[in-house]
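Data first, discussion second: the structure below is written as structure tokens.
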Amino acid sequence: MATCRYGGCSETARSDSAWCILHLDFPKEDDPEFTRIRDEKQLKTKEKIKGDDLNFEGTNIYSVDASDLSISAQNNAIFKNATIKGRVKFERTKIEKDASFEGAKIEKNASFAGAEIGGKARFEEAEIGGDATFAGVEIEGEAWFKRAKIGGYATFAGAQIGGDVRFEETEIGGDAWFGGAEIGGDAWFGGAEIGGDAWFRGAQIAGDARFEEAEIAGDARFEEAEIAGDARFEAAKIGGEACFEGAEIGGTLNLV
Ligand SMILES: [Zn+2]
Numbered sequence: 000m001a002t003c004r005y006g007g008c009s010e011t012a013r014s015d016s017a018w019c020i021l022h023l024d025f026p027k028e029d030d031p032e033f034t035r036i037r038d039e040k041q042l043k044t045k046e047k048i049k050g051d052d053l054n055f056e057g058t059n060i061y062s063v064d065a066s067d068l069s070i071s072a073q074n075n076a077i078f079k080n081a082t083i084k085g086r087v088k089f090e091r092t093k094i095e096k097d098a099s100f101e102g103a104k105i106e107k108n109a110s111f112a113g114a115e116i117g118g119k120a121r122f123e124e125a126e127i128g129g130d131a132t133f134a135g136v137e138i139e140g141e142a143w144f145k146r147a148k149i150g151g152y153a154t155f156a157g158a159q160i161g162g163d164v165r166f167e168e169t170e171i172g173g174d175a176w177f178g179g180a181e182i183g184g185d186a187w188f189g190g191a192e193i194g195g196d197a198w199f200r201g202a203q204i205a206g207d208a209r210f211e212e213a214e215i216a217g218d219a220r221f222e223e224a225e226i227a228g229d230a231r232f233e234a235a236k237i238g239g240e241a242c243f244e245g246a247e248i249g250g251t252l253n254l255v
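Start counting the sequence shown at 0; every next residue gets the next number (numbering that gives the first Met the number 0).
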């Protein structure tokens, strides 16, 4: 029996295709085969997760629930370039190394609420159709969301991030909530487009807050935030108010 054509995949290809069940494209939703293929994909996805195999690179799958699991460094969570029709849940999950979702397309919500990530959260150029929930997440390394597109809100309220937070040119349809978040490095939002508020009330940023050329449709709320470096908003467009009451900024505040 032939193995799946996807590079690095060791699953058996289906008899009628070059791909395994996970790398196979979905038929159209009105195709009579859709339900059968979806159920087969779901079953295989659950089986793989249960067997501590979290390598889903390039797969076409329906939904992922890996909540309350512990994922060791050997079984890295890899969803690079995967397409997920439904939602993704990693709530309270401990991931020893990176959470790799570069270029992934998640059509509904992604929730990593209360998750612990030992390495980086990598979501460069990922697309999340719904909300991105990272409230209370602990990330040892950096959070990379460069050029990602999030249809709903993005919440990192109360998150602890050891390194930089990178949202350059990221599009967020709703609010970006970082209230009470602790960021060990810089917060980069240069050229980001935020459809709602940029909410950083009480956030602690050990480096700079960089929002040059960012477009914030709502308010920029940094009341009581502590920014050890500079707060730079040159050429940023803020539709609502810019509030920095009680904020402590170690460097300079550049609003124009
Ligand atoms: Zn495959």
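A virtual CB, placed ideally from N, CA and C, is assigned to each residue, including glycine.
In this text the structure is predicted, and so the values were computed from the model without any measurement.
Residues of its chain near residue i, where Cβ-Cβ distance is below 6 Å and the 5 sequence neighbours each way are ignored
i, result
"E168", "R146, G190"
"F122", "F100, F144, A147"
"A197", "A175, I215, A219"
"A230", "A208, I248, L252"
Short Cβ contact (8 Å threshold) for residue i with residue j
i, j, result
"I70", "I94", "yes"
"K119", "G140", "yes"
"I96", "S110", "Position check: residue 96 holds Lys in this sequence, whereas Ile was assumed. Result no, Cβ atoms of K96 and S110 do not sit closer than 8 Å."
"G228", "G206", "yes"
"A313", "A98", "There is simply no residue 313 to check, as the chain begins at 0 and stops at 255 in what is shown."
"I171", "I149", "yes"
"G173", "R200", "no"
Alpha-carbon to alpha-carbon, residue j and residue i
i, j, result
"A158", "C8", "34 Å"
"E192", "F210", "10 Å"
"I204", "A156", "13 Å"
"M0", "G128", "37 Å"
"K27", "F33", "7 Å"
Proximity winner among the options, relative to residue i (alpha-carbon distances)
i, options, result
"G238", "E212, A230, E222, I226", "E212"
"T183", "G85, A202, G128", "Note on residue identity: the sequence assigns Gly, not Thr, to residue 183. The option with the nearest alpha carbon to G183 is A202."
"K47", "T34, S62, G194", "S62"
"K79", "E247, E90, Q73, N54", "N54"
"G161", "E214, E240, D130, V136", "V136"
"E233", "L254, T82, G217, F221", "L254"
Where the alpha helix (DSSP H) through residue i begins and ends
i, result
"L21", "First-last for L21: undefined, no H or E at that position."
"Q41", "33-49"
Own chain residues within Cβ distance below 7 Å of residue i, not counting five before or after
i, result
"W18", "C3, R4, Y5, A12"
Give me every residue whose Cβ sits closer than 6 Å to any heavy atom of ligand 3, in chain order. Absence of ligand 3 from the depicted structure is noted, with ligand 1 being the only ligands included.
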